[in-house]
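Heads up, the thing below is written out as structure tokens.
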Amino acid sequence: MAEAIRKDAMMTKLYFDLLNSPAEAHSSIQKSLSVQAISTTVPILEFPSETVYAYASYINALSIGQRIDPAFTQSLTSAISNLAGRPIAVSDIYQKIHETTLRTPVEMGVRPNSITFEEYQATINQQAINMVQDMQDGDKGEKVEALQANMQFLYGQEINTDFIARNELAAGQRAKTVAIVQGHITIGYGFDTFVHEASELNSLNLVGSTRQKVLPALQLSTSDPGFWSVYALLGQSLTDDDGLLLFSAKARAVVQRIASNQFAGKWNGLPPAIKTVALDLYYQYGQTGNFPKFQQAINSHDWPAVIHELRNWNGVPNDPLQFITKRLEERAKYLAISFNYEQ
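Just so you know, we're using the UniProt record's numbering here: the sequence shown kicks off at 1 and counts up by one.
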């Protein structure tokens with residue numbers, strides 16, 4: 001009982017800390033900005049390539065927020081630190097992964113390459129700060145730190161996580177999206193809860209609240225009696241940080257697995273585009289997958305052979321009517337453009 005009272009008191013204090021923090025630290029940021037600053041339009045992709053489809057320069061570029069107003073990160077840091085109840089070092093990487101929802105529609109050509117400060121800050125605040133749920137979870141700081149560590153690893157490999165993201169979820173949709181795919185619950189960027197076990201979930205080093213939210217959904221399908229209640233609860237409790245943590249933790253685990261197995265001794269010398277496509281393949285089919293011709297072509301640095309294999313997956317040209325063909329062609333096209341074989 002005493003513990004519950006202390007927790008309520010802490011949450012109340014954090015709530016009023018947020019209310020008393022600078023306006024730019026949360027969803028009312030625009031109140032402290034001039035109309036001119038709010039309406040300023042800036043590019044979403046700072047260094048657009050000739051072919052937006054293969055765009056990956058964002059990995060080494062500043063986040064949109066840093067380009068618009070470097071003070072925005074400080075404001076976000078203040079809000080997150082208040083929620084965490086301790087100082088949290090919020091890096092540019094944290095903003096950059098949240099900006100996936102802004103970049104992917106531009107990369108796919110479904111929205112213009114521009115955004116106003118008002119649109120930007122509203123989007124990022126909605127995704128990064130879910131005050132009530134974050135306070136209930138009680139591990140906002142650990143979640144942000146784990147997410148940043150995963151993305152630091154992936155960006156350090158120069159892997160274009162946008163490519164995986166837009167293949168796993170419609171461009172622009174949020175990481176906390178809960179969908180039913182083939183009778184299973186899928187979270188955000190392709191985290192299929194049916195194919196994961198508790199031991200595997202534990203190996204991803206997720207923070208406590210994320211793990212506890214996902215555990216009831218493991219190996220659950222629409223034929224199970226408790227499916228709909230679990231599905232509804234996930235939809236209510238998941239945050240974008242939860243979805244991004246699942247995505248980044250799974251992607252990191254897949255990279256570590258294939259780097260030491262399928263591509264042992266070769267991984268570090270592979271071009272970023274190859275790493276990106278390899279991750280996308282094993283992210284979809286499972287990190288223990290074995291595709292001998294694909295793997296041999298990569299390990300031999302025979303890029304035309306890799307592209308050929310993707311377009312002839314079963315030894316013959318892919319059937320355009322088959323569901324798997326579209327994503328295989330996405331991978332082949334990504335490599336062909338990246339290596340200047342095609343425009």
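Don't be surprised by glycine CBs; every beta carbon is placed ideally from N, CA and C.
Inset, instruction - Give the DSSP-derived three-state secondary structure of Q343 in the structure shown. - result: Taking the sequence shown and counting its residues from 1, one reaches residue 343 at position 343. If DSSP states are grouped into helix, strand and coil, Q343 belongs with coil.
Inset, instruction - Could you spell out where the beta strand (DSSP E) holding I59 opens and where it closes? - result: Reading the sequence shown from its first residue, position 59 is the one you call residue 59. Segment: none, I59 is in no beta strand (DSSP E) and carries neither H nor E.
Legend entry - Nearest to Y94 (by Cα), restricted to the options T40, T222, I80, N299: Within the sequence shown, numbered from 1, the residue matching residue 94 stands at position 94. Checked all of T40, T222, I80, N299; the closest Cα to Y94 is I80.
Legend entry - Residue closest to H196, alpha-carbon to alpha-carbon, out of A217, A165, D302, S78: By one-based count along the sequence shown, residue 196 stands at place 196. The residue with the shortest Cα to Cα distance from H196 is A217.
Legend entry - Distance between K326 and F194 (C-alpha atoms, nearest Å): As a working mapping, residue 194 is identified with position 194 in the sequence shown. As a working mapping, residue 326 is identified with position 326 in the sequence shown. Going by the C-alpha atoms only, they are around 24 angstroms apart.
Legend entry - Own chain, CB closer than 7 angstroms to L204, minus 5 neighbours either side, in chain order: Taking the first residue of the sequence shown as 1, we reach residue 204 at position 204. A249, K250, A253.
Legend entry - Candidates Y231, I44, L245: closest to T104 by CA position: Your numbering for residue 104 matches position 104 in the sequence shown. Measuring from the Cα of T104, the nearest candidate turns out to be I44.
Legend entry - Cβ-based burial, I324 [other Cβ within 10 Å; buried from 16]: Residue numbering aside, residue 324 sits at position 324 when the sequence shown is read from its first letter. By the neighbour-count rule (16 or more Cβ atoms within 10 Å), I324 is not buried but exposed.
Legend entry - Segments of 4+ residues assigned as alpha helix (DSSP H) that fall wholly inside the segment 120-150: 131-137
Inset, instruction - Please go through the same chain and pick out, in chain order, the residues whose beta-carbon is closer than 7 angstroms to the beta-carbon of L310, but skip the five residues on each side of it. - result: What you label residue 310 is simply residue 310 of the sequence shown in a count that begins at 1. So the list reads L328, R331, A332, once near-sequence residues are dropped.
Inset, instruction - Determine the DSSP secondary structure at S75, reduced to helix, strand or coil. - result: For the purposes of this step, residue 75 is taken as the residue at position 75 of the sequence shown. Helix.
Inset, instruction - State the Cα-Cα distance for the pair G289 and Y282, rounded to the nearest angstrom. - result: As a working note, residue 289 is residue 289 in the sequence shown. As a working note, residue 282 is residue 282 in the sequence shown. About 7 angstroms.
Inset, instruction - Sort I307, L270, R86 by Cα distance to N299 and report the nearest one. - result: Counting from one through the sequence shown, the residue named residue 299 turns up at place 299. Comparing Cα positions, the closest option is L270.
Inset, instruction - Go ahead and label A278 buried or exposed: buried means 16 or more other beta carbons lie within 10 angstroms of its beta carbon, across all protein chains shown. - result: Along the sequence shown, one-based indexing puts residue 278 at 278. Result: buried.
Inset, instruction - Kindly indicate the opening and closing residues of the beta strand (DSSP E) around V178. - result: Translated into the one-based positions of the sequence shown, residue 178 becomes position 178. First-last of the beta strand (DSSP E) with V178: 178-181.
Legend entry - Strand pairing of S221, partner residues [DSSP]: Against the sequence shown, residue 221 aligns to sequence position 221. Answer is H184, bridged to S221.
Legend entry - When I88, A305, V42 are compared against D69, the one with the closest alpha-carbon: As a first step, residue 69 must be located in the sequence shown, where it is residue number 69. Considering only alpha carbons, the answer is V42.
Inset, instruction - Closer than 7 angstroms by C-beta to I258: which residues in its own chain qualify, once you throw out the five before and the five after it? Chain order, please. - result: As a first step, residue 258 is located in the sequence shown; it is residue number 258 there, counting from the start. A278, Y282, Q287.
Legend entry - Which of helix, strand or coil DSSP assigns to D192: Position 192 of the sequence shown, counted from the start, is the residue given in the question as residue 192. Strand, per DSSP.
Legend entry - Beta bridge counterpart(s) of I115 as assigned by DSSP: As a working note, residue 115 is residue 115 in the sequence shown. Beta bridge pairing from DSSP links I115 with V42.
Inset, instruction - Determine contact between the segment 204-215 and the segment 160-177, defined as no fewer than three beta-carbon pairs at a distance below 8 angstroms. - result: As far as the Cβ criterion goes, the segment 204-215 does not touch the segment 160-177, which means the pair count is below three.
Inset, instruction - In the DSSP assignment, find the alpha helix (DSSP H) that holds Q296 and state where it starts and stops. - result: The residue you call residue 296 lines up with position 296 of the sequence shown. Its alpha helix (DSSP H) spans residues 292-299.
Inset, instruction - Would you kindly work out how many angstroms separate the C-alpha atoms of F117 and W313, rounded to a whole number? - result: In the sequence shown, counting from the first residue as 1, residue 117 sits at position 117. In the sequence shown, counting from the first residue as 1, residue 313 sits at position 313. When rounded, the distance between both Cα atoms is 45 angstroms.
Legend entry - Cβ-based burial, S199 [other Cβ within 10 Å; buried from 16]: Taking the sequence shown and counting its residues from 1, one reaches residue 199 at position 199. Answer is exposed; the Cβ neighbour count stays below 16.
Legend entry - Proximity to R84 [Cα-Cα], best of I180, A128, K266, K140: Residue 84 sits at position 84 when you count from the first residue of the sequence shown. Note on identity: in this sequence residue 84 is Ala, with Arg being the wrong assignment. Closest by alpha carbon: K140.
Legend entry - Exposure of G188, with buried meaning 16 or more beta-carbon neighbours within 10 Å: As a working mapping, residue 188 is identified with position 188 in the sequence shown. Buried is the call here.
Legend entry - Cα-Cα separation, G315 to N261: Here residue 315 corresponds to residue number 315 of the sequence shown, with the count starting at 1. Here residue 261 corresponds to residue number 261 of the sequence shown, with the count starting at 1. Roughly 24 angstroms separates the two Cα atoms.
Inset, instruction - Count the other CB atoms, across all protein chains shown, that sit within 10 Å of the CB of W267; report buried if there are 16 or more and exposed otherwise. - result: Numbered from its first residue, the sequence shown carries residue 267 at position 267. Buried is the call here.
Legend entry - Helix, strand or coil at K266 according to DSSP, with G and I counted as helix: For the purposes of this step, residue 266 is taken as residue 266 along the sequence shown, with counting starting at 1. Here K266 sits in coil by DSSP.
Legend entry - Same chain, Cβ closer than 6 angstroms to G208, five either side skipped, listed in chain order: As a working mapping, residue 208 is identified with position 208 in the sequence shown. For G208, where only same-chain residues beyond five positions count, the Cβ hits under 6 angstroms are D139.
Legend entry - Cα-Cα separation, N340 to S229: Locating residue 340 in the sequence shown gives position 340, counting from the first residue. Locating residue 229 in the sequence shown gives position 229, counting from the first residue. Using only the alpha carbons, I get a separation of about 50 angstroms.
Legend entry - Where G226 sits in the DSSP three-state scheme: Taking the sequence shown and counting its residues from 1, one reaches residue 226 at position 226. The three-state reading of DSSP puts G226 in coil, since its state is none of H, G, I, E or B.
Legend entry - Contact with chain D by D280, beta-carbon distance below 7 angstroms: Among the chains in the structure shown there is no chain D, since it carries only a single protein chain.
Legend entry - For H98 and Q133, believed in contact at Cβ under 8 angstroms, the rounded distance: Counted from its first residue, the sequence shown places residue 133 at position 133. Counted from its first residue, the sequence shown places residue 98 at position 98. The pair is not a contact, with the Cβ atoms about 16 angstroms apart (cut-off 8 angstroms).
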